[in-house]
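Trainee: Pasting a structure here, questions to come.
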Amino acid sequence: MSGSIRVVEVGPRDGLQNEASMRQLPLEELVEARLRFVTMLAEAGLDDVEAGAFVRSDRIPQMAGTDLLLQRLRAEQPKLWAKKRFWTLVPNHKGFELALAAGAKHISVFTATSDAFNLKNIQMTVEESLATLRPVVAEAQQAGVAVRGYVSTVWGCPYSGKVPAEKAKRVTEELLAMGVQEVSLGDTIGVATPQQVQEVLELIPTELPIAVHFHDTRGTAIANCLEAIQLGVSTVDSSAGGLGGCPYAKGASGNLATEDLLYMLQGMGYQTGVDLNKVCLASEYLEKELELNLPSRYFRAWKGSR
Ligand code: MG
Numbered sequence: 056m057s058g059s060i061r062v063v064e065v066g067p068r069d070g071l072q073n074e075a076s077m078r079q080l081p082l083e084e085l086v087e088a089r090l091r092f093v094t095m096l097a098e099a100g101l102d103d104v105e106a107g108a109f110v111r112s113d114r115i116p117q118m119a120g121t122d123l124l125l126q127r128l129r130a131e132q133p134k135l136w137a138k139k140r141f142w143t144l145v146p147n148h149k150g151f152e153l154a155l156a157a158g159a160k161h162i163s164v165f166t167a168t169s170d171a172f173n174l175k176n177i178q179m180t181v182e183e184s185l186a187t188l189r190p191v192v193a194e195a196q197q198a199g200v201a202v203r204g205y206v207s208t209v210w211g212c213p214y215s216g217k218v219p220a221e222k223a224k225r226v227t228e229e230l231l232a233m234g235v236q237e238v239s240l241g242d243t244i245g246v247a248t249p250q251q252v253q254e255v256l257e258l259i260p261t262e263l264p265i266a267v268h269f270h271d272t273r274g275t276a277i278a279n280c281l282e283a284i285q286l287g288v289s290t291v292d293s294s295a296g297g298l299g300g301c302p303y304a305k306g307a308s309g310n311l312a313t314e315d316l317l318y319m320l321q322g323m324g325y326q327t328g329v330d331l332n333k334v335c336l337a338s339e340y341l342e343k344e345l346e347l348n349l350p351s352r353y354f355r356a357w358k359g360s361r
């Protein structure tokens, strides 16, 4: 095996916002801890770090102060700011305006393949959400802001069950057509198996700018990743420490852990440019700071052997 894989670190946003049991900190301390975590991950060699979200802090308090975080990152880490991509999630036009005001250069938007999921999550059908995103993506392009698109429920919906692979293809094409630079295909509830990954990637050519985003809820995330990579995908989302539970299965795992992914990739000879030990140190920092118990297998073995 050879080649290089780009790992997109989603822990500080996708991971953290799903950590219900984390220690609640005053805003300044929360921003400080997140800033340090993001900085450590970028310094570990991750070129893409999802740093936060411009969402309502009364609904998702973990993401409060993302504007402060970006401003401090830019002021205190100018070298990292210049050469890394710090993504922030924006749910709508309002979020985009906030991101722009905070100096964001990279934003993520999201939709799903399932109407039932989108209606529950953002009170819009898939079509309606695509129509809402179109002007946001157009404005981002005009402002020189890169846009990443997440597609949820590609392999299954918590409300409507299995979703046909054709839906992922269609939503991906729509997002790319409106100017999104990269589409991340997500297994939101962690139900996919490698055979189903293959079914989707037979419809969506891996020459397109796509990434995969697997959840380890049922233990298949790493196998699914490997399947996607062997089919030609070269960008994979993961979360340091395996941060982020599964909101649809209480107590279960969410995101694939960055450490576990890196260990597999490096052992197989893939280049990632990331220092696995430094990622573990970042996870260890956050685990202590927020009084968490992170599930990454590699991270736990690393801690146990120290
Ligand atoms: Mg996720």
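The numbering of the sequence shown is the working numbering, which starts it at 56 and goes up by one. By construction, the Cβ of each residue, glycine as well, lies at the ideal position given by its N, Cα and C atoms.
#1: Would L101 and V329 be called neighbours here (beta carbons separated by less than 8 angstroms)?
#2: Specify the secondary structure class of L123 as computed by DSSP and reduced to three states.
#3: Decide if the segment 241–254 is in contact with the segment 223–231; the criterion is three or more beta carbon pairs, one per stretch, under 8 angstroms apart.
#4: Is V65 near the ligand MG, judged by its Cβ being under 7 angstroms from some heavy atom?
#5: Which residues bound the alpha helix (DSSP H) around R352?
#6: Put T143 into one of helix, strand or coil per three-state DSSP.
#7: Tell me, please, whether the segment 330–345 touches the segment 88–103 by the rule of three or more beta-carbon pairs shorter than 8 angstroms.
#8: Identify, in the order they occur along the chain, each residue of the same chain with its Cβ nearer than 6 angstroms to the Cβ of V65, setting aside the five sequence neighbours on each side.
#9: Have a look at S360, N310, A159 and flag the residue whose alpha-carbon is nearest the alpha-carbon of S207.
#10: Would you list the one or two residues that DSSP bridges to R225?
#11: So is the beta-carbon of D69 under 7 angstroms away from any non-hydrogen atom of the ligand MG?
#12: Using DSSP with H/G/I as helix, E/B as strand and the rest coil, what is R220?
#13: I'd like the span of the alpha helix (DSSP H) that includes G234, first residue to last.
#14: Consider the C-beta atom of N310 and the heavy atoms of the ligand MN; say whether any pair is separated by less than 7 angstroms.
#15: Measuring straight from C-alpha to C-alpha, what distance separates L85 and E262?
#16: Under 7 angstroms: does the beta carbon of G241 sit that close to some heavy atom of the ligand MG?
#17: What are the partner residues of R61, as DSSP defines its beta bridges?
#18: Helix or strand or just coil, what does DSSP make of N348?
#19: As a quick exercise: from S59, G58, V62, Q72, pick the residue whose alpha carbon is nearest that of G300.
#20: Indicate, with yes or no, if the ligand MG has a heavy atom lying under 7 angstroms from the CB of G100.
#21: To the nearest angstrom, how far is the alpha carbon of L135 from that of S215?
#22: Taking the alpha carbon of S308 as the point to measure from, which residue in A75, T272, Q251, G359 has its own alpha carbon closest?
#23: Where does I177 sit, in a helix, a strand or coil, going by DSSP?
#24: In three-state terms, what does DSSP make of V192?
Mentor: On the basis of the data shown:
#1: yes
#2: helix
#3: no
#4: yes
#5: 352–359
#6: Here T143 sits in strand by DSSP.
#7: yes
#8: E105, D292, S294
#9: N310
#10: According to DSSP, which records beta bridges pairwise, R225 is partnered with nothing at all.
#11: yes
#12: The sequence as given places Ala at residue 220; Arg does not occur at that position. A220 falls in the helix class under three-state DSSP.
#13: Unbroken run through G234: none, as it is neither H nor E.
#14: In the structure shown, the ligand MN is absent; the only ligands present are the ligand MG.
#15: Rounded to the nearest whole angstrom, the C-alpha separation of L85 and E262 is 39 angstroms.
#16: Under cutoff, so the answer is yes.
#17: Residue pairing from DSSP places R61 in a beta bridge opposite T290.
#18: Of the three classes helix, strand and coil, the one that applies to N348 here is coil, per DSSP.
#19: Q72
#20: no
#21: 42 angstroms
#22: T272
#23: helix
#24: helix
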